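Protein chains: 2
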Amino acid sequence: MPSTGAAIRSTAEAQRGRITAAAVRVFARTGYFATPVADVASDAGVSPAYVFRLFGSKLGLFIAATAHTYSRVADTMTQAGEQCPSPQPDDRLDAMTMAYVALIEDRNLILMQAHAQSAASVPEIRDAVQAGLGEVVRAVAVVSGAPAEAVQRFMAYGQLCHLIVQTDLGAVPASWAKSITAGIQHHP
Amino acid sequence: MPSTGAAIRSTAEAQRGRITAAAVRVFARTGYFATPVADVASDAGVSPAYVFRLFGSKLGLFIAATAHTYSRVADTMTQAGEQCPSPQPDDRLDAMTMAYVALIEDRNLILMQAHAQSAASVPEIRDAVQAGLGEVVRAVAVVSGAPAEAVQRFMAYGQLCHLIVQTDLGAVPASWAKSITAGIQHHP
DNA sequence: CGCTGTTGTAACTGACCAATCACAAACCTG
DNA sequence: CAGGTTTGTGATTGGTCAGTTACAACAGCG
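Heads up: the protein sequence lines correspond to chains A and B, in order.
For the first sequence, our numbering assigns the number -12 to the initial residue and increments by one for each residue that follows.
For the second sequence, our numbering assigns the number -12 to the initial residue and increments by one for each residue that follows.
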């Protein structure tokens, strides 16, 4: 496709979206430091050089992927809460919990969050993660109407999901592992 | 040659211990992929070549640091539980919670765990983390005598501590952040 | 004193990778 | 179609780093 003409061009904005989606997929697998930009580029079907042109640097790319991830999570929580017929905070938190567990089916979002957190020693990434978490926590608190400590508990179990997915605890048959994963469905 | 046949402590074993301790410190700061072995070596005051000699590879070094970290955590939990005068599971879990919060004062152990988890895409690291978690969970369950779901909750809030320390949530003044950090003191 | 094993390092290598730049091809406007 | 803008790539570069090798210093032991 490079040598002889006839390439269909698209707008930069569309490519930005495609590349961000690819970045979430690829960074979710191997994290920030272990992922070459070239891997994201090839997953998105463009050249590495173009990724640098659109995002400036690897850091810029990762931050875009991080922001996109938290936005999607916050949207999912908001939707789940608003679609819940009951106005009771507990019911709405339960609906959100189920929606979050459903996110585990696609491991990308949850692993991307975990990797973003672990790269928070980079100040710009830490800022992006703080912003993203704020978005999620506010969405959960406002839409559910639950008190602070229930929201805290919700987040704690969300972090437990990260642990389970990251270390593939669902595949560990030992009884201690079962006690940690109990009640949290996780497909193989 | 000692006359009593007491075990001679080889200098190499001592260096191994020093280097493992340095590895925990340094890997806790920057994680597996972003940390050059040379950084660990210079923190331990030896040459990079010697680290490779003793640990075989960067991966071997990281796994040693990971195992050491989880062992120390498990020991801390066991001690906290056994030093608690009450035999009630809830009291003992509370004691362990306080001991774990105290670990946050020294951010090394908690950040090392977080980084080990996030590098679990490497199979050998995942295995080491699973083994370490098993050690911790068994210690908590056995010494506290608490039921599985209380142990699960204990681990969930432990993961929440990781999040708070990783992203420095204690320094975020917004109210959503306060609702997440409430009850979990954290001073740098 | 040689002989052997252990501790430790300096110097090197080969691979990988972030970022840049010059250039090409398509699109738009008059 | 002339001229300018946007989309996109191949080639390169400079730096970093995991792992190796060859060698030095030293202790124990006959």
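Ideal placement from N, C-alpha and C gives every residue a C-beta, glycine not left out.
Only a predicted model underlies this, so the values are computations on that prediction, with no experimental measurement involved.
Would you say the segment 0 to 20 of chain A touches the segment 86 to 101 of chain A, given that touching needs at least three Cβ pairs under 8 Å?
Flag = yes, the segment 0 to 20 of chain A and the segment 86 to 101 of chain A touch.
Give a yes or no on whether 8 Å exceeds the smallest Cβ distance from residue 144(A) to chain B.
Position 157 of the first sequence, counting from 1, holds the residue named residue 144(A). Closer than 8 Å: yes.
What residues of chain A sit near residue 125(B), judged by a beta carbon separation below 8 Å?
Indexing the second sequence from 1 puts residue 125(B) at position 138. Residues of chain A whose Cβ lies closer than 8 Å to the Cβ of residue 125(B) are, in chain order, 163.
Alpha-carbon to alpha-carbon, residue 146(A) and residue 81(A):
The residue labelled residue 81(A) in the question sits at position 94 within the first sequence. The residue labelled residue 146(A) in the question sits at position 159 within the first sequence. Each residue's alpha carbon lies about 16 Å from the other.
Buried versus exposed, by CB contacts within 10 Å (16 or more), residue 101(A):
Taking the first residue of the first sequence as 1, we reach residue 101(A) at position 114. Buried, by the Cβ-count rule.
Roughly how many angstroms lie between the CA atoms of residue 56(B) and residue 0(A), to the nearest whole one?
The sequence position of residue 56(B) within the second sequence is 69, counting from 1. The sequence position of residue 0(A) within the first sequence is 13, counting from 1. Between the C-alpha atoms of residue 56(B) and residue 0(A) there is a straight-line separation of about 45 Å.
Closer than 8 Å to chain A by CB, residue 81(B)
Position 94 of the second sequence, counted from the first residue, corresponds to residue 81(B). Output row for residue 81(B): interface = no.
Excluding sequence positions up to five away, which residues of its chain have a Cβ less than 7 Å from the Cβ of residue 128(B)?
As a first step, residue 128(B) must be located in the second sequence, where it is residue number 141. Excluding residues within five positions, the ones whose Cβ falls inside 7 Å are 138.
Rank 131(B), 119(B) and 83(B) by C-alpha distance to the C-alpha of residue 50(B) and give the top, closest one.
Counted from its first residue, the second sequence places residue 50(B) at position 63. Selected option, being the one with the closest Cα: 119(B).
Extent of the continuous alpha helix (DSSP H) to which residue 26(B) belongs
Here residue 26(B) refers to the residue found at position 39 of the second sequence. Judged by DSSP secondary structure, residue 26(B) falls within the alpha helix (DSSP H) whose first and last residues are 24 to 31.
Mind checking if residue 63(A) is an interface residue toward chain B, Cβ cutoff 8 Å exclusive?
What you label residue 63(A) is simply residue 76 of the first sequence in a count that begins at 1. Taking 8 Å as the threshold, the shortest C-beta distance from residue 63(A) to chain B does not fall below it.
Tell me, please, whether the CB atom of residue -7(B) is closer than 8 Å to any CB atom in chain A?
Indexing the second sequence from 1 puts residue -7(B) at position 6. Note that residue -7(B) scores 34 on pLDDT, short of 50, meaning its location in the model is unreliable; the coordinates nonetheless yield the value given after this. Not one chain A Cβ lies under 8 Å of residue -7(B).
For chain A, is any of its Cβ atoms less than 8 Å away from the one on residue 167(B)?
Within the second sequence, residue 167(B) is the residue found at index 180, counting from 1. For residue 167(B), the answer is yes, since a Cβ of chain A falls inside 8 Å of its Cβ.
Classify residue 74(A): buried if its beta carbon has 16 or more other beta carbons within 10 angstroms, exposed otherwise.
Taking the first sequence and counting its residues from 1, one reaches residue 74(A) at position 87. Classification of residue 74(A): exposed, given that the 10 Å Cβ count is below 16.
Can you pull the chain A residues whose beta carbon is under 7 Å from the beta carbon of residue 55(B), in chain order?
Position 68 of the second sequence holds residue 55(B). Taking a Cβ-Cβ cut-off of 7 Å, residue 55(B) has no neighbours in chain A, whose nearest Cβ is about 18 Å from it.
Decide if residue 142(B) is buried, meaning its Cβ has at least 16 other Cβ atoms within 10 Å, or exposed.
Residue numbering aside, residue 142(B) sits at position 155 when the second sequence is read from its first letter. By the 16-neighbour rule on beta-carbons within 10 angstroms, residue 142(B) is buried.
Contacts of residue 105(B) in chain A (Cβ-Cβ under 7 Å):
Mapped onto the second sequence, residue 105(B) falls at position 118. The CB of residue 105(B) comes closer than 7 Å to the CB of 18, 101, 102, 105 and 153 in chain A, given here in chain order.
Note down the Cα distance separating residue 152(B) from residue 90(B), rounded to an integer number of angstroms.
On the second sequence, residue 152(B) is found 165 positions in, with the first residue counted as 1. On the second sequence, residue 90(B) is found 103 positions in, with the first residue counted as 1. C-alpha separation (whole angstroms): 11 Å.
Determine, using beta carbons only, whether residue 48(B) and residue 33(B) come nearer to each other than 8 Å.
The count along the second sequence starts at 1 and reaches residue 48(B) at position 61. The count along the second sequence starts at 1 and reaches residue 33(B) at position 46. No, they are not a contact pair.
In this structure, does DSSP put residue 52(B) in helix, strand or coil?
Working through the second sequence from its first residue, we reach residue 52(B) at position 65. For residue 52(B), the three-state secondary structure derived from DSSP is helix.
Which term fits residue 121(B), buried or exposed, when burial requires 16 or more other beta carbons within 10 angstroms of its beta carbon?
Your numbering for residue 121(B) matches position 134 in the second sequence. Result: buried.
Note the first and the last residue of the continuous alpha helix (DSSP H) segment covering residue 42(A).
By one-based count along the first sequence, residue 42(A) stands at place 55. Unbroken alpha helix (DSSP H) run through residue 42(A): 35 to 42.
Contacts around residue -12(B), its chain only, beta-carbon distance under 6 Å, and the 5 residues preceding and following it disregarded:
By 1-based counting over the second sequence, the position of residue -12(B) is 1. Reliability of the predicted coordinates at residue -12(B) is poor, the pLDDT of 33 falling under 50, and the value obtained from them is presented with this limitation in mind. The answer is none, since no qualifying residue turns up.
Output yes if chain B places a C-beta closer than 8 Å to the C-beta of residue 27(A); else output no.
For the purposes of this step, residue 27(A) is taken as residue 40 along the first sequence, with counting starting at 1. So no, residue 27(A) is outside the interface.
Secondary structure at residue -7(A), three-state DSSP: helix, strand or coil?
To locate residue -7(A), count along the first sequence from 1; it is residue 6. Interpretation of residue -7(A) is limited by its pLDDT of 33, a score under 50 that renders its predicted location unreliable; the figure taken from the coordinates is listed afterwards. Note: residue -7(A) maps to coil in three-state DSSP.
Residues in the same chain with beta-carbon distance under 7 Å from residue 155(B), minus the five sequence neighbours each way, listed in chain order, please.
For the purposes of this step, residue 155(B) is identified with residue 168 of the second sequence, where counting begins at 1. Excluding residues within five positions, none has a Cβ falling inside 7 Å.
Can you find the residues in the same chain that come closer than 8 Å, C-beta to C-beta, to residue 59(A), ignoring five residues on each side of it along the sequence?
As a first step, residue 59(A) must be located in the first sequence, where it is residue number 72. These residues qualify, in order along the chain: 96.
For residue 104(B) versus residue 150(A), is the C-beta distance shorter than 8 Å?
On the second sequence, residue 104(B) is found 117 positions in, with the first residue counted as 1. On the first sequence, residue 150(A) is found 163 positions in, with the first residue counted as 1. Their beta carbons are under 8 Å apart, which means residue 104(B) touches residue 150(A) by this criterion.
Can you give me the Cβ contacts of residue 133(A) inside the same chain, cut-off strictly under 8 Å, excluding the 5 residues immediately before and after it?
As a first step, residue 133(A) must be located in the first sequence, where it is residue number 146. Same-chain partners within the cutoff: 76, 77, 79, 80, 127 and 141.
Apart from the five residues on each side of it in sequence, which residues of its chain come closer than 6 Å, Cβ to Cβ, to residue 106(B)?
Position 119 of the second sequence, counted from the first residue, corresponds to residue 106(B). Once the five neighbours on either side are set aside, the close Cβ partners of residue 106(B) are 19 and 112.
Examine chain A for any beta-carbon lying closer than 8 Å to the beta-carbon of residue 117(B), and answer yes or no.
For the purposes of this step, residue 117(B) is taken as residue 130 along the second sequence, with counting starting at 1. Yes - at least one Cβ of chain A is within 8 Å of the one on residue 117(B).
From the beta carbon of residue 108(B), is the nearest beta carbon of chain A less than 8 Å away?
Sequence index remark: in the second sequence, residue 108(B) carries index 121 (1-based). Judged by the 8 Å Cβ criterion, residue 108(B) is in contact with chain A.
So which residues on chain A does residue 128(B) lean against when the C-beta distance must stay under 8 Å?
For the purposes of this step, residue 128(B) is identified with residue 141 of the second sequence, where counting begins at 1. Here the neighbours are 163 and 166.
DSSP three-state assignment for residue 76(A), whether helix, strand or coil
In the first sequence, counting from the first residue as 1, residue 76(A) sits at position 89. Under the three-state reduction of DSSP, residue 76(A) is assigned to helix.
Quick one: residues in its chain with C-beta nearer than 8 Å to the C-beta of residue 26(B), no 5 flanking neighbours on either side, listed in chain order?
Position 39 of the second sequence holds residue 26(B). Around residue 26(B), the same chain offers 13 and 17 as residues with beta carbons nearer than 8 Å, after the five sequence neighbours per side are excluded.
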